[in-house]
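Trainee:
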Amino acid sequence: MPFDLTSNYFSIFGMPVSYTVDAGFLMQRYRELLQTVHPDRFASASGQERRLSLQYSTHINEALRVLKDPLERARYILELKGMQWDDEQTTLSDPGFLMQQMDLRESLSEVREQSDPLEAIAEIISSVSSLMQDNIHVLEGLLQSDKPEDLETAKTRVRKMQFINKMKMEAETLEATLEDEL
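Start counting the sequence shown at 95; every next residue gets the next number (the numbering used here).
In structure tokens:
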């Protein structure tokens with residue numbers, strides 16, 4: 095059961111480092127990898143083999159989680175390219191983006207006052223999803239580069255995606271609450 099825990103997540107799945115990921119291939123490789131290292135296969139093995147199996151499975155699961163998520167995958171690629179993250183410093187100085195976020199937050203806070211709150215929240219979720227897709231599209235190009243300015247731009251895009259993702263989660267939570275109230 096040889097497995098290198100220091101390999102990058104793309105290598106684990108036999109994929110090149112790329113923002114664009116073939117989800118079908120990723121899941122196929124995931125199932126294949128788990129079949130070889132899953133702890134259930136090592137129930138009667140030595141304690142060390144069981145621990146290694148658990149470590150490998152945990153590592154594979156974390157790799158899958160990161161590679162499936164466009165935001166986490168972008169952060170990970172930037173880290174592989176040497177970019178440092180300071181999670182405390184997530185402020186953005188893009189006035190247009192900040193205004194857009196304020197407008198979306200205001201719309202979100204007024205959803206219950208709308209004549210059709212579910213339609214209003216669906217429109218917000220659609221807008222936020224569109225913003226996320228726009229950023230994903232831009233990142234596909236930026237993350238192919240090793241130029242410092244492109245990587246800094248990608249890092250800014252990832253920070254924007256963090257805000258957008260948070261907004262999307264809040265909107266989806268509100269949508270679920272509204273549906274439960276009906």
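For glycine and all other residues, C-beta sits at the position ideal for the given N, C-alpha and C.
How far does the alpha helix (DSSP H) with K241 in it reach, from first residue to last?
Mentor: That residue, K241, is in no alpha helix (DSSP H); it is neither H nor E in DSSP.
Trainee: Could you please give the first and the last residue of the uninterrupted alpha helix (DSSP H) stretch that includes M196?
Mentor: Where M196 is concerned, the enclosing alpha helix (DSSP H) stretches over P189 to S203.
Trainee: Would you report the Cα separation of E264 and P164, rounded to the nearest angstrom?
Mentor: Roughly 18 Å between the two C-alpha positions.
Trainee: For L236, which residues of its own chain have a beta-carbon under 6 Å away from its beta-carbon, when the five flanking residues on both sides are left out?
Mentor: Here the set comprises D244, T247 and A248.
Trainee: Judging by CA-CA distance, which residue of R199, D98, S105 and G176 is the nearest neighbour of I258?
Mentor: Taking only the C-alpha atoms, the option nearest I258 is R199.
Trainee: Could you tell me how far apart the beta carbons of V222 and K262 are, in whole angstroms, since I believe they sit closer than 8 Å?
Mentor: The pair is a contact, with the Cβ atoms about 4 Å apart (cut-off 8 Å).
Trainee: If you reduce the DSSP assignment to three classes, tell me which class R236 lands in.
Mentor: It is worth fixing the name first, because residue 236 is Leu in this sequence and not Arg. Note: L236 maps to helix in three-state DSSP.
Trainee: Going along the chain, which residues of its own chain have a beta-carbon closer than 6 Å to the beta-carbon of Y170, five neighbours each way excluded?
Mentor: Here the set comprises V160.
Trainee: For R123, collect the residues of the same chain with a Cβ closer than 7 Å to its Cβ; drop the 5 residues on either side in sequence, then sort them by chain order.
Mentor: If we look at R123 and ignore the five residues flanking it on each side, its Cβ neighbours are F107 and G108.
Trainee: For M226 and S201, what's the separation of their Cα atoms in angstroms?
Mentor: Answer to the nearest angstrom: the Cα atoms are 18 Å apart.
Trainee: May I ask you to report which of helix, strand or coil DSSP gives V111?
Mentor: Coil at V111, not helix or strand.
Trainee: Does the separation of the CB atoms of F136 and R144 fall below 9 Å?
Mentor: Going by C-beta atoms, F136 is nearer than 9 Å to R144.
Trainee: Hey, L272 and I215 are a contact pair by Cβ (cut 8 Å); roughly how many whole angstroms apart?
Mentor: Right, their Cβ atoms sit about 6 Å apart.
Trainee: So, are the CB atoms of D172 and V252 less than 9 Å apart?
Mentor: In the sequence on display, residue 172 carries Leu and not Asp. Result yes, Cβ atoms of L172 and V252 sit closer than 9 Å.
Trainee: Which of helix, strand or coil does DSSP assign to Q178?
Mentor: It is coil, neither helix nor strand.
Trainee: So what does DSSP say about T100, is it helix, strand or coil?
Mentor: Note: T100 maps to coil in three-state DSSP.
Trainee: Under 9 Å between the Cβ atoms of L276 and L212?
Mentor: Yes, the Cβ-Cβ distance between L276 and L212 is below 9 Å.
Trainee: Measure the Cβ-Cβ separation of I230 and M193 and say whether it is below 9 Å.
Mentor: Result no, Cβ atoms of I230 and M193 do not sit closer than 9 Å.
Trainee: Put D228 into one of helix, strand or coil per three-state DSSP.
Mentor: Reduced to three states, the DSSP call for D228 is helix.
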